[in-house]
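Each residue of the sequence shown is one higher than the one before, counting from 52 in the numbering used here.
Glycine is no exception: its CB is placed at the ideal position from the N, C-alpha and C atoms.
For clarity, every value in this text was computed on a predicted model and none was experimentally measured.
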Amino acid sequence: MVGPYRRSVANRAATRLLGLPPWLLDRLGGVHGPVVRDGRVLHPALAALLGIAARTGQDRSIGDAVARRAELDRLAGLGMPTRTDVRVVERVADLGGVERRVRVYRPFTVVDEMPGIVYYHGGGWVTGSLVSHDGTCRVLAAEADCVVVAVDYRLAPEDPFPAAVDDAVAAYRWTVEHARELGVTDGRIGVMGDSAGGTLAAVVAQQVASVADVPAPAAQGLIYPATDAHLSSRSIEVFADGFFLSRADMEWFRARYLPDEATWDDVRASPLLAEDLSGLPPALVATAGFDPLRDEGDAYAHRLADAGVRVVHRCYDDMVHGFFGMGVLPSGMETITELCRAMGELVRTG
């Protein structure tokens, strides 16, 4: 594993468990042979995790938003080690009259200005926090060699659509306006997020394109984004259940974030439905082979490319939704590091 890390007891134990030989993992998970779906083979460690969860009767279908938020924060310490060569400070940002916390990450080794990345956490617009994605943002700052500004945007059901979008756009504007004091290079600020956060990054890139007084992001990093609120893609049917993120989960999140069905057609909720994607910033789009959101992420990458946007598109065939926070997997940190470095390169070069 590259770089200096501090690992929790739970993370160490899980890493050792998932590093066992595949045949032993199969036995522990009650798996009989490779898990194959839609022509892809699931990573053996993930197959074992799914099998263990099924055999122990773990129920992820918690119906309370507060409980699900606490669960995600707890699992974060299990899934990711803590990168220690990054300085982390918190600030309170005025996001268009709404005060929200932001967490600023900066590599210790750099004293000059450097590119920046505004990061929006995943969690279905209902869960997720600065805590749940702290490990990921630390790695992103260190490996992309960028200042990372993580945003504690408002969540549903307390603040449904479009509160998260408004905060996301305002957070990008705030970062641009405070670039000098943050030590960020003017004109080299990207947007990035995973899952629901990837959706917000895509929406910010679209929305800012029509704002005259705010420069467009230098790049957009979209990690398994949700791009169509109608939930009608083929991969949602193929992976409807049994691969961590289920269709039932997605419907639960949608009911809280987008309770009005009329909003599903709004491009701020479904960026794939935008008529014109030309002129948008270069994009890094990452999808997972066993993810219900795979097809709509792939479709958005193809639409961007067809519109003349430079796209770096990678599908990790043996992965599930959430892998960007699964450093506990064998080679998991290498995969996360690869994407972080790719995003850093894209922000620098456009």
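Contacts around A260, its chain only, beta-carbon distance under 8 Å, and the 5 residues preceding and following it disregarded: Sequence-distant Cβ neighbours of A260 in its own chain, meaning closer than 8 Å and more than five residues away, are A267, G330 and L331.
Beta-carbon proximity of P11 to G401, cut-off 8 Å: Outside the displayed span of the chain (52 to 401) sits residue 11, for which this structure offers no information.
Pick from V162, L75 and A337 that is closest to S246, judged by C-alpha positions: For the residues V162, L75 and A337, the minimum Cα distance to S246 belongs to A337.
Beta strand (DSSP E) segments (min. 3 residues) lying fully within the segment 182 to 267: The segment 182 to 267 contains these whole beta strand (DSSP E) runs: 198 to 202 and 235 to 245.
CA nearest to the CA of W225, picked from Q271, V265, V60 and H172: The candidate whose alpha carbon is nearest that of W225 is V265.
Residue nearest to D317 in terms of C-alpha spacing, selected from V262, M131, D279 and L97: Measuring from the Cα of D317, the nearest candidate turns out to be D279.
Stretch pair the segment 293 to 307 + the segment 342 to 356: three plus CB contacts closer than 8 Å: At 8 Å Cβ cutoff, the stretches touch.
Nearest-angstrom Cβ-Cβ length linking A204 and A192, presumed shorter than 8 Å: For clarity, residue 204 is Tyr in the given sequence; the question names Ala instead. In this structure Y204 does not touch A192 by the C-beta definition: roughly 19 Å separates them, more than the 8 Å allowed.
Extent of the continuous alpha helix (DSSP H) run through L123: Per DSSP, L123 belongs to the alpha helix (DSSP H) from A116 to G130.
For G179 and L206, the rounded distance between their alpha carbons: Answer to the nearest angstrom: the Cα atoms are 9 Å apart.
DSSP bridge partner residues for D145 (one or two, in chain order): D145 is bridged by DSSP to E150.
C-alpha gap between V262 and L328, whole angstroms: Their Cα atoms are separated by approximately 15 Å.
One or two residues paired with C366 in a DSSP bridge: Secondary-structure assignment with DSSP links C366 through a beta bridge to T338.
Alpha carbon of V398 to alpha carbon of I168, nearest angstrom: V398 and I168 have their C-alpha atoms spaced approximately 8 Å apart.
CA-to-CA distance, V87 to L93, given in whole angstroms: Near 6 Å, if we compare the C-alpha coordinates of V87 and L93.
Boundaries of the alpha helix (DSSP H) in which M394 is found, first to last residue: Element bounds for M394: G383 to T400.
Within 8 Å, strictly: CB atoms of Y171 and G248: Their beta carbons are under 8 Å apart, which means Y171 touches G248 by this criterion.
DSSP state of V140 mapped onto helix, strand, coil: In the structure shown, the three-state DSSP call for V140 is strand.
Extent of the continuous beta strand (DSSP E) run through P73: DSSP places P73 in no beta strand (DSSP E) but in the uninterrupted alpha helix (DSSP H) bounded by P73 to G80.
L273 versus A256: straight-line alpha-carbon distance, rounded: It is roughly 11 Å from the alpha-carbon of L273 to the alpha-carbon of A256.
Minimum C-alpha distance to R157 - residue among A320, T133, C188 and A105: Of the candidates A320, T133, C188 and A105, the one whose C-alpha sits nearest the C-alpha of R157 is C188.
Start-to-end residues for the alpha helix (DSSP H) that takes in G175: From DSSP, G175 is part of no alpha helix (DSSP H); its letter is neither H nor E.
Boundaries of the beta strand (DSSP E) in which L273 is found, first to last residue: Unbroken beta strand (DSSP E) run through L273: Q271 to I274.
For G378, the three-state DSSP class (helix, strand or coil): In this structure, G378 counts as coil in the three-state DSSP scheme.
Beta-carbon proximity check, R154 vs L181, cutoff 8 Å: Contact: yes.
Neighbourhood of S284 by C-beta distance below 7 Å, restricted to the same chain and skipping five residues each side: Taken in chain order, the residues that qualify are D346 and E347.
H229 and A201 closer than 8 Å at C-beta: No, they are not a contact pair.
Pair within 8 Å by beta-carbon distance, F159 and V177: Judged by their CB atoms, F159 and V177 are not nearer to each other than the 8 Å cut-off.
Residue from Y275, R319 and V140 with nearest C-alpha to P213: Comparing Cα positions, the closest option is R319.
Own chain partners of L335 with C-beta closer than 6 Å, once the 5 adjacent residues on each side are dropped: G272, V363, A393, M394 and L397.
Outcome for R239 when other beta-carbon atoms lying within 10 angstroms are tallied against a minimum of 16: By the Cβ neighbour-count rule, R239 is buried, with 16 or more other Cβ atoms within 10 Å of its own.
Of the residues M301, S321, V235 and L282, the one placed nearest A253, counting alpha carbons only: For A253, the nearest C-alpha among the options comes from S321.
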